[in-house]
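Number of protein chains: 2
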Amino acid sequence: MKLSTNHKILIVGLGLLGGSYAKALTKKGFTVTAITRSPSSIDYALREKIISKGSAFVDEELIAEADLVVFALYPHVFIEWIRKNQKFFKPGAIITDVTGVKESIVGTIQDMLRPDVEFIAAHPMAGREVYGVQNSDDRIFEGANYIVTPSQKNTHAAIELCCDLGKTLGFAKVSEISPKEHDKMIAFVSQLTHCIAISLMTCQKTERLEDYTGDSFRDLTRIARLNEDMWSELFLINKTQLLHQLTLFERELNSLRCMLEEDDVEGLKSMMRYSTARRALFDKK
Amino acid sequence: MKLSTNHKILIVGLGLLGGSYAKALTKKGFTVTAITRSPSSIDYALREKIISKGSAFVDEELIAEADLVVFALYPHVFIEWIRKNQKFFKPGAIITDVTGVKESIVGTIQDMLRPDVEFIAAHPMAGREVYGVQNSDDRIFEGANYIVTPSQKNTHAAIELCCDLGKTLGFAKVSEISPKEHDKMIAFVSQLTHCIAISLMTCQKTERLEDYTGDSFRDLTRIARLNEDMWSELFLINKTQLLHQLTLFERELNSLRCMLEEDDVEGLKSMMRYSTARRALFDKK
């Protein structure tokens, strides 16, 4: 199924990501509505014309009108929302999300969902260190990756629609992997990196370091500024994978430490050459 | 002593940093000359008019003319150069450098230097992941920190001149700390971050990760692309401090791991709140 501007899109949770979805989709000619807890977020989005209608409570009519519903909520809030409100979905509606962990969410939602509604999960790999619809910006999708994580229960039509949503939003690359593979990969590229940034930021209490800092330290700690409610939840949901990735990283750092201790210049150089070659793959095209 | 355009400046080692110095200083009306091993670097710099004269060998006349000499060489090459060629310096010349470690360099150079020449060390905290004078760019100094590391042997006049050089180059902030304090601080903000980036880049052999990567991973590994000869030398010169910083970081990462293992949500959140508050100090103004 191709996404078309005939599809009415409802966004539940109008923060930075939800708001950026609304902005991008409204620009492309879609009718976008929103439900979010904060009345001021709805007011802002209406005033900026990035949604056509919105509500700060669970508005049955808005839900019943939507062909595609995008959930941009904390994982436990998302699950609770579905439990309470799935009765309002339009028959045949497709729902998707932006959640940063997948396996348990996909399983939980798909198991409890009405048989006439389909959940196809996705993870837009985009974000910023600021919050709220007021900071939303559809340019965050440029050059970024969008990952669709279908399960056995998903139809080809819904997968196609969800991939199409990623392209429509302006992502540079749309990929498909299983929820399990996603969580393994995300534990490495996203969650481990956040653990590192946090630890780097807190392991030293030295004052006025900022006067002596270069871009290396700034880059490695950019993501040390984070929403603690969201990230502690994401870490714990994906705990097993994250602990495994922490182990791999700790071992590697320790082998670098041993080379240092032993003045193993050739070992250090060889590790640096490997990291240099591997890093070249990750430049944005 | 204030830096003035009457001071003739010689740059020894015309790579990315040396070339960026030459660009900035020529723009400001200084007479800049250069000595570097590669004839094509000299040709390029002359063609681009970022130096007025240059030589691919140790040109006694260029050295004897210079009031201020900036060394942008590998540490061991810098020391060897001084040993062999210090006899050519003009009496009263001031020499400075860009070396990323300080205590052993400052001691070694100051101990061997002619009494009528003064070495005042500095560390410009700027760089890029590209090399050579062809990539030089004086905009890398904008918003960056410049650190002067005087020892007991330095005169007030030379320290002032060196600070003035940092301001003239366009650095946002010029600070003074002792060589020892510098090495402690740099082991944390620069060398530890490079160890982390390298280990993150090499701890996983998974292929096609780049398709699933967000900006977090790209930011944390930007500096994993590095010059292995330079960095292995810098790491080993500052080994004691770097090992100490590695220990502090590993302990902190391990305490985060324990919180995860024990589902200690409050501990995780509190650590994240601390990292968020501390990171706010490091934004470029």
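Protein chains in written order, with the numbering used here: chain P, 9 to 293; chain R, 9 to 293. Ideal Cβ positions, reconstructed from N, Cα and C, are used throughout, including at glycine.
Could you tell me whether the region 238-247 of chain P touches the region 209-216 of chain R, where touching means 3 or more Cβ pairs closer than 8 Å? Here the region 238-247 of chain P makes no contact with the region 209-216 of chain R; the two share fewer than three CB pairs at distances below 8 Å.
Would you report the Cα separation of A74 (chain P) and T210 (chain R), rounded to the nearest angstrom? Their Cα atoms are separated by approximately 46 Å.
Contacts that N153 (chain R) makes with chain P (C-beta to C-beta distance below 9 Å): Ordered by position in chain P, the residues that pass the 9 Å Cβ test against N153 (chain R) are E218, D219, Y220, T221 and G222.
What residue does the beta strand (DSSP E) around A130 (chain P) start on, and which one ends it? Per DSSP, the unbroken beta strand (DSSP E) holding A130 (chain P) starts and ends at A130 to M133.
Confirm, please, whether the CB-CB distance from H190 (chain P) to T157 (chain P) is below 8 Å. Against a cut-off of 8 Å, the Cβ pair of H190 (chain P) and T157 (chain P) comes out as a contact.
Among the candidates R:F97, R:L250 and R:T163, whose CA atom is the shortest distance from the CA of I71 (chain R)? Per the Cα distances, R:F97.
Which residues in the same chain as G115 (chain R) place their Cβ atom closer than 7 Å to its Cβ, once the five residues preceding and following it in sequence are excluded? Same-chain partners within the cutoff: there are none.
Apart from the five residues just before and just after T104 (chain P), which ones in its own chain have a Cβ nearer than 6 Å to its Cβ? The beta carbon of T104 (chain P) lies closer than 6 Å to those of V78, I128, A130 and C170 in the same chain, with the five residues before and after it left out.
Per DSSP, K181 (chain R) is paired with what? DSSP links K181 (chain R) through a beta bridge to R:N153.
Residues within the region 84-98 of chain P neighbouring chain R, beta-carbon criterion of under 8 Å: The region 84-98 of chain P vs chain R, Cβ under 8 Å: nothing.
My parser needs the beta strand (DSSP E) runs of 3 or more residues fully inside the region 69-121 of chain R; what are they? With a minimum length of 3 residues, the continuous beta strand (DSSP E) runs that stay inside the region 69-121 of chain R are 76-79 and 102-105.
At a Cβ cut of 7 Å, what residues of the region 29-53 of chain P count as close to chain R, listed as they run along the chain? Flagged: no residues at all.
For the alpha helix (DSSP H) containing G222 (chain P), list its first residue and its last residue. Careful: G222 (chain P) lies outside any alpha helix (DSSP H) and carries neither H nor E.
In the structure shown, what three-state DSSP assignment does F243 (chain P) receive? Reduced to three states, the DSSP call for F243 (chain P) is helix.
Which residues of chain P have a Cβ atom closer than 7 Å to the Cβ of Q212 (chain R), listed in chain order? Residues of chain P passing the Cβ test: F196 and L256.
Please work out which residues of its chain come closer than 6 Å, Cβ to Cβ, to E56 (chain P), disregarding the five sequence neighbours upstream and downstream, and give them in chain order. None.
Could you give the first and the last residue of the continuous alpha helix (DSSP H) run that contains L24 (chain P)? For L24 (chain P), the enclosing alpha helix (DSSP H) covers residues L24 to K35.
Please report the Cβ distance between L234 (chain P) and T284 (chain R), rounded to the nearest whole angstrom; I am assuming they are in contact, meaning their Cβ atoms lie under 8 Å. The Cβ separation is near 6 Å, so the contact holds.
Quick check on R127 (chain R) - is its C-beta less than 8 Å from some C-beta in chain P? According to the sequence shown, residue 127 (chain R) is Phe rather than Arg. No - not a single Cβ of chain P is within 8 Å of the one on F127 (chain R).
Backbone CA spacing between G151 (chain R) and Y220 (chain P) [nearest angstrom]: CA-to-CA, the gap between G151 (chain R) and Y220 (chain P) works out to about 12 Å.
When you check each C-beta in the region 54-84 of chain P against every C-beta of chain R, which residues fall closer than 7 Å? So nothing in the stretch comes that close.
Could you name the residues of the same chain whose beta carbon sits closer than 6 Å to that of A195 (chain R), not counting the 5 residues immediately before and after it, in chain order? Taken in chain order, the residues that qualify are N246, Q249, L250 and Q253.
Just verifying my parser: in three-state terms, what is the DSSP assignment at G62 (chain P)? Looking at G62 (chain P) - three-state DSSP - the assignment turns out to be strand.
Measure the C-alpha to C-alpha separation of Q199 (chain R) and I155 (chain P) and round it to an integer number of angstroms. One C-alpha to the other measures close to 34 Å.
On the DSSP letters alone, give me the boundaries of the beta strand (DSSP E) that L18 (chain R) sits inside. Taken as a continuous stretch (DSSP letters only), the beta strand (DSSP E) holding L18 (chain R) covers K16 to V20.
Got a sec, what are the start and stop residues for the beta strand (DSSP E) I43 (chain P) sits in? Where I43 (chain P) is concerned, the enclosing beta strand (DSSP E) stretches over T39 to I43.
Helix, strand or coil at E137 (chain P) [DSSP, three-state]: E137 (chain P) falls in the coil class under three-state DSSP.
Comparing alpha-carbon positions, which option in P:R287, P:I90, P:K110 and P:D272 lies nearest R122 (chain P)? Shortest Cα-Cα distance from R122 (chain P) to any of P:R287, P:I90, P:K110 and P:D272 involves P:I90.
How would you label F65 (chain P), buried or exposed, when you count the other beta carbons within 10 angstroms and need 16 or more for buried? When all chains shown are included, F65 (chain P) counts as exposed.
Establish whether the CB of H202 (chain P) and some CB of chain R are separated by less than 8 Å. Under the 8 Å criterion on CB atoms, H202 (chain P) is classed as interfacial with respect to chain R.
Rounded to whole angstroms, what's the CA-CA distance from P47 (chain R) to R136 (chain R)? Just pull it up for me. R136 (chain R) has its alpha-carbon roughly 23 Å from the corresponding atom of P47 (chain R).
Report buried or exposed for L22 (chain R), applying the criterion of at least 16 other Cβ atoms within 10 angstroms of its Cβ. Flag for L22 (chain R) reads buried.
Taking the beta carbon of M120 (chain R) as the centre, do at least 16 other beta carbons fall within 10 Å, making it buried, or is it exposed? When all chains shown are included, M120 (chain R) counts as exposed.
Whole-angstrom Cβ separation of L25 (chain P) and V106 (chain P), contact assumed at under 8 Å? Indeed, because the Cβ distance is near 5 Å, the residues count as touching under 8 Å.
D67 (chain P) beta carbon less than 8 Å from that of G100 (chain P): Not closer than 8 Å, so no.
Between the Cα of V40 (chain P) and the Cα atoms of P:L76, P:M9 and P:K10, which residue gives the shortest distance? Residue P:L76 is the option with its Cα nearest to V40 (chain P).
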